[in-house]
Structure formats: structure tokens, C-alpha cells
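Protein chains in written order, with this note's numbering: chain Z, 3 to 120; chain D, 7 to 500. Virtual Cβ for every residue (Gly too), placed ideally from N, Cα, C.
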Amino acid sequence: MSNLLGHYNYWIVIVLMMTGFYIVIARPNLIKKVIGLFIFQTSVFILFISMAKIEGGTAPIIAEGISVYSNPLPHVLILTAIVVSLATTALGLALIVRIMEAYGTTNEDEIHVQDEQD
Amino acid sequence: MLLANLPALQVVIPLVSAPLCLLLRNPRHAWAWATLVSTMVLAVAVMLAQRVYAEGTISYAIGAWATPWGIEYRIDMAGALMILLIAAIGAVIMPYARRSIRHEIARKHITLFYTSYLLCLTGLLGIVVTGDAFNLFVFLEISSLSSYVLISLGSTRRALTAAFQYLVMGTIGATFILIGVGLLYMMTGTLNMTDLAQRLPEVTDTRTIRVAFAFVTVGVSIKLALFPLHIWLPNAYTFAPSVVSAFMAATATKAGVYVLLRLFFTVFGSEFSFTAMHVGEILMLLAFAAILVASLVAVFENNVKRMLAYSSVAQIGYTILGISLASTAGVTAGIIYLVNHALIKGALFLALGCVFLRLGSVTLKDMHGLARHMPWTMAAFVAGGLSLIGMPLTAGFISKWYLVSAVLAAGYWPLAVLVLVSSLLALIYIWRVVEAAYFNVPGAAMHKVKEAPASMLIPVWLLIGVNLYVGIDASLIFSMAQQAADTLIGQALQ
Chain Z
3 MSNLLGHYNY WIVIVLMMTG FYIVIARPNL IKKVIGLFIF QTSVFILFIS
53 MAKIEGGTAP IIAEGISVYS NPLPHVLILT AIVVSLATTA LGLALIVRIM
103 EAYGTTNEDE IHVQDEQD
Chain D
7 MLLANLPALQ VVIPLVSAPL CLLLRNPRHA WAWATLVSTM VLAVAVMLAQ
57 RVYAEGTISY AIGAWATPWG IEYRIDMAGA LMILLIAAIG AVIMPYARRS
107 IRHEIARKHI TLFYTSYLLC LTGLLGIVVT GDAFNLFVFL EISSLSSYVL
157 ISLGSTRRAL TAAFQYLVMG TIGATFILIG VGLLYMMTGT LNMTDLAQRL
207 PEVTDTRTIR VAFAFVTVGV SIKLALFPLH IWLPNAYTFA PSVVSAFMAA
257 TATKAGVYVL LRLFFTVFGS EFSFTAMHVG EILMLLAFAA ILVASLVAVF
307 ENNVKRMLAY SSVAQIGYTI LGISLASTAG VTAGIIYLVN HALIKGALFL
357 ALGCVFLRLG SVTLKDMHGL ARHMPWTMAA FVAGGLSLIG MPLTAGFISK
407 WYLVSAVLAA GYWPLAVLVL VSSLLALIYI WRVVEAAYFN VPGAAMHKVK
457 EAPASMLIPV WLLIGVNLYV GIDASLIFSM AQQAADTLIG QALQ
């Protein structure tokens, strides 16, 4: 039981990851797919950030009388990854705007039907 | 000073040039700028490759931050071969791109095209030169994001959905890689690949590392379109502008294969990858399926561009087959296959781009009798096709020869039979194009079609020429590939 609760950050990550992944696979609406993708990526950010925490550690600023610091590197990495994820989401949404203009729908199934007719 | 910083320049030149390209509103200026930059990139790549060939692996600390704290750029023989390939293809397609892009892309988007192209070049070169696992992820995303843009610029609306499908799959793949890198960092506290390789053996027998290995492998496999994770590729290549199909087929998936090599041999070590995780058997099975299924699909395809796309999936299978043997001969064959296939597919897609420019279509029934009107283009297609099949005196023969010998040396004779059978399948689908273009009566609309301009034919024939040259004298590429395989496998043994 303590193992279950002690790793609660991982459980959050897994639930979020699977939620996002499920939305990407199961939803035909392209906008929802992008949202799912974003949730999926966010779960990984939490994985990184939660591993930076060190028990009893404080903010990584050198100060007297403190010897245990949290690891700042994962935060920096994730800052970069957030920028990447933002760019991906923006590009995905921009593509959806163009798809909406060209097909008149954002539903994947209806797009398939139109592609078949071409 | 400049010479010492070559590894950084390799990436920084195209990276800085991309936003500058955006400022040039005039399409012609943007093209001239992109051509200049890609030529400079090629010059840097040649100088780097010469240095690696003469002096061995180059290690470069970005911003003079000592490794493993700073980001290290590390170029070994395999990397030198890859940057040479990517930069050469990138430079060769530029004279071609001017006419082809003007025909296929709206005028207001042309500057954006060249900007994205330079960013894509940055990403692909970065993937190869970097020695840092997280940096790898960033460059992978730079190349992926820009290639989504490049694909979406295709002339039909299906290019948009193809780009979106690739975006979804590519992002899942990249996120898988990120998870893997995170788990590795969790266990070792380092991101530098050489450092990772030294620290991993202590913790290698944990579930975390095994999971990290699985995530990274699957993520990279999406990127390099390994069967059955290839479903983004046929649509992306079919609906992208012709130049983009050629560029991506020749470089993007190849950079992915290089990452896989680097991970299996340098980071995790072949002991762990192939003995403990049995990745060799898994890859062999997938390569087997890729070669057979994709070749069969290609045989029944009527759109020639899509036919070549499926053929690419099969050819990636061959490369992976070589790597899955995990022997020096196998990896050498895999690397030779990778380089030769880039030359072949680049030339074939470029020749098809010439057809699209003059004909406005690349389906078999529209190509009836085309060879009478575009003799040089179709001759290039036939030469490239023969190389794809593996005729002697072409690059394709050299790569298949080394692959079959490596497979036989490892004792898998049924796989050697498979390689021969699927070469026959390649013969069938290339023959269908030849039959349509040479032996069918041209339709009424055909008499207006004329030969493609020289600016497009010369790059095509340049690639075909290299193909034939490699087919006759393969000693240079073989010695480079073997040295690359030795470095990769040697690192694993230490």
C-alpha cells in the first residue's frame, strides 16, 4: 500500500498519459486529437519535474546552512520541451485551420469519406 | 579558429540562416540564399568528414563547457558519413528546387518553404552531430516540425491531412523518446551519450532501463518508419512537393536509422541491446515483414509516387535487416545500404518531380508513352530503377551484395532468399513504369509534353552518376562504412 501511495506522482503521470493517448487514438475530431497530444506530452513533463524533487531539498540557490538542493536540470530540460510542445500544438492547430478551409470539417471520418470520393 | 569550431558551424549556419531567409520576401532571393547556405553546409561537412577520416572521432564542447556537464558534439566515422550524405543531398536538390517549387507551391509560400527547408536541414544535421541525449530530442523535433510544414505545402488538400497524420505520429514518437531519456537520466544522472554508456552497465539489470530502452526504440522506429509504424510515410511522401519527397526519402529516415545505431551500439551497448533485450530477433522479424509486405503493396500501386513511398518502407527494412545481425559485416552492409538507398530514392523521386512538372500527374495511366517526350527523365528513372532492383554495375547491386553476404555469413539463408524474392518484386513494379512509359501508345494530351529543364535534369543525373560510380568502384564507401561499423561495434566491446 505504501508502495502505491509513495509513488503517487507516477500514478498521476500514467493516468494522464493514458488519457491523452486514448483521446489521440479514439477521437475523430482533429482538435480533440491535438488536445489529447498535449495532455500526453504534459504527463511526461510531470514525470521529469517530479523526479527533480529531492527529499528535504530546497530551491537550488546557494545559501548558508543548506546542503541539500533539488535538482534544477530537469526543470530546464522541460522548459525546452514545453517550447517544443507549444510549437507542435500551434502547428497542429494551424494545420487544422487549413484542413477546415479545404474540407469544411474537422472530423477525421468525414475527411476520409471526402478523400475516398476524390 | 574557424576550423576548430566546424562541428558547431555545421548546425549553426543553417539555423541562423533560416530566420534571415524569412526576411527575404522575394522568392528568388530566398532560393539564392538557401542555395548559398546549403553549399556552405556541404563545404563544412566535407571538411569535417576529411578530418574524421584522417584523425578519428571529433569531440567538441559547445560553449567550452566541459563534458559531461556541457553539451558535447561528437562526430565519429558513421556520423561523418551521415552529415556528408545529408549535406550533399541538401545541396544537390537546390538547383532543382527553383523550378519545381515555383510550379508546385503558391508564390506567397515560397519563402516559407526555404525557411522550413533550412530548419529541417539544421535538425537533421543536429541529430547526427550531437552527443547529448536530450539535445537529440530537440534536434529531432526541429527536423520533424519543419518537415510537417514542408509536407503540408503540397499542391493538393490531402497534403494537409498527410502532414497532420505525420504530426500526430511524429509527436508520439518524439514523446516516447523523451520518456526514455527521462528514465535514463533518472537512473544515471547524465545525458551525455558517452557518459551514459559508461554508467549504464551498473544499473542495466533494472526494469527502468529496460522500459527506457523499449520507449526509445519504439520512438525512433516511428521516426524512421519501421514496419508497422510506417503508416505516416506513404501519404506524406505521396502528397508532399516533389523536392520534399526526395529530400525526406534520402535524409530524414536515414537520420533515424543512424540514431538507432547510436543507441543500440554506443549508448546501451550491443551486449544489452542484442543479448539481453533480443532486439536483433525483433528487428529481423519486422524487417522481414517490411520487405515483403511493402514490396507487395508497391506492386499493385498505380500512383508512381506512392509506389516509391512503399518501396522506401521495404528498403528501410533491408537496412534494419543488416543492423539486426549485430555483426560488423551486417552493420557495414546496413550503412552501405542506407547511403546507396538515399542516392537511389533521391534520384527516383527527383525524376518523378520532372514528370510532375511537365505532365501534372504521376499515375501510370497518364504516363503512357512518356519516354518519347521526356527521354532523359525516363532514362534516369530506368537507371535509378535498375539500381533499386540491384542490377550489377549499380549502387543497388553493391548494397544487396554486401547484405546477402552478411546474412549468409550469419547463417540465415532463408533471409537471403527473401532479399532475392523481393528484388524480383522491385523488378515487377519498376517494370510497370517502364512498360507504361516506353511500350504504350501516348494519349492525345501527350504531344504538348516536353523534356524537363536542364536545371532539374542535372541534379537527377548527378545522383544517377554517383549511383553508377559506386556500382563500379565501391572501395571508398566500403572503407568508410566498415570503419563506421568498426567504431560503433568497437565502442560496444570496450
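In this chain, the alpha helix (DSSP H) harbouring Ser-248(D) covers 248-253. With its beta carbon at least 9 Å from every one in chain Z, Thr-281(D) lies outside the interface. Of the residues Met-380(D), Leu-9(D), Gly-340(D), Ile-116(D), the one whose Cα lies closest to the Cα of Leu-365(D) is Met-380(D).
Contact annotation: in the segment 24-47 of chain Z, residues whose CB is within less than 7 Å of a CB in chain D are Val-26, Leu-32, Lys-35, Leu-39, Phe-42, Gln-43, Val-46. For secondary structure counted as the beta strand (DSSP E) over 3 or more consecutive residues, the segment 65-114 of chain D holds these complete runs in sequence order: 78-81. The straight-line gap separating the alpha-carbon atoms of His-114(Z) and Asn-141(D) is approximately 37 Å.
Ala-261(D) sits away from Ser-429(D), with the two beta carbons spaced by 9 Å or more.
Residue ranges of uninterrupted alpha helix (DSSP H) with 4 or more members, entirely inside the segment 311-375 of chain D and ordered along the chain, are 334-365. Residues of the segment 133-152 of chain D with a C-beta atom less than 7 Å from some C-beta of chain Z are Phe-140, Val-144, Glu-147, Leu-151, listed in chain order. Contact annotation for Leu-95(Z) against chain D: no contact, minimum CB-CB distance about 10 Å [criterion: below 9 Å].
Residue burial annotation: His-9(Z) is exposed, with fewer than 16 other C-beta atoms found within 10 angstroms of its C-beta.
Nearest to Val-36(Z) by C-alpha distance, out of Ala-83(Z), Glu-66(Z), Leu-93(Z), is Leu-93(Z).
Look at Met-53(Z): its C-beta is under 9 Å from a C-beta on chain D.
Assignment of Asn-11(D) by DSSP, reduced to helix, strand and coil, places it in the coil class.
Under a 10 Å Cβ-count criterion, Trp-13(Z) is classified as exposed, with fewer than 16 other Cβ atoms of the shown protein chains found around its own Cβ. Excluding sequence positions up to five before and after Ala-218(D), its CB lies within less than 6 Å of the CB of Gly-186, Leu-189, Leu-190, all in the same chain and listed in chain order.
In terms of beta-carbon proximity, Phe-170(D) lines the interface with chain Z, with at least one pair separated by less than 9 Å. Here the C-alpha atom of Leu-131(D) lies approximately 46 Å from the C-alpha atom of Val-447(D).
In the DSSP assignment, Pro-33(D) falls within the alpha helix (DSSP H) that extends over 33-61.
Looking at the DSSP output, Tyr-71(Z) shares a beta bridge with Thr-60(Z). Under DSSP, Thr-136(D) takes part in a beta bridge, and its partners are Tyr-79(D).
The CB of Val-174(D) comes closer than 7 Å to the CB of Val-26, Lys-35, Leu-39 in chain Z, given here in chain order. Secondary structure note for Arg-213(D): its alpha helix (DSSP H) is the uninterrupted segment 213-229. Within its own chain, the residues whose Cβ lies closer than 8 Å to the Cβ of Gly-58(Z), once the five positions on either side in sequence are excluded, are Val-70, listed in chain order. Judged by DSSP secondary structure, Thr-167(D) falls within the alpha helix (DSSP H) whose first and last residues are 164-194. Those residues of the segment 67-92 of chain Z placed with their C-beta closer than 7 Å to a C-beta in chain D are Leu-79, Thr-82, Ala-83, Val-86, Ala-89, Thr-90, ordered along the chain. Here Asn-31(Z) is bridged, per DSSP, to Asn-109(Z). Between Leu-184(D) and Ala-83(Z), the C-beta spacing is below 9 Å. Taking 9 Å as the cut-off, the Cβ atoms of Leu-166(D) and Ile-33(Z) do not count as close. At a cut-off of 9 Å between beta-carbon atoms, Tyr-10(Z) makes no contact with chain D.
Within the model, the alpha-carbon separation for Thr-91(Z) versus Phe-387(D) is close to 39 Å. Met-199(D) does not reach chain Z, its nearest Cβ partner there being about 15 Å away, counting only Cβ pairs nearer than 7 Å.
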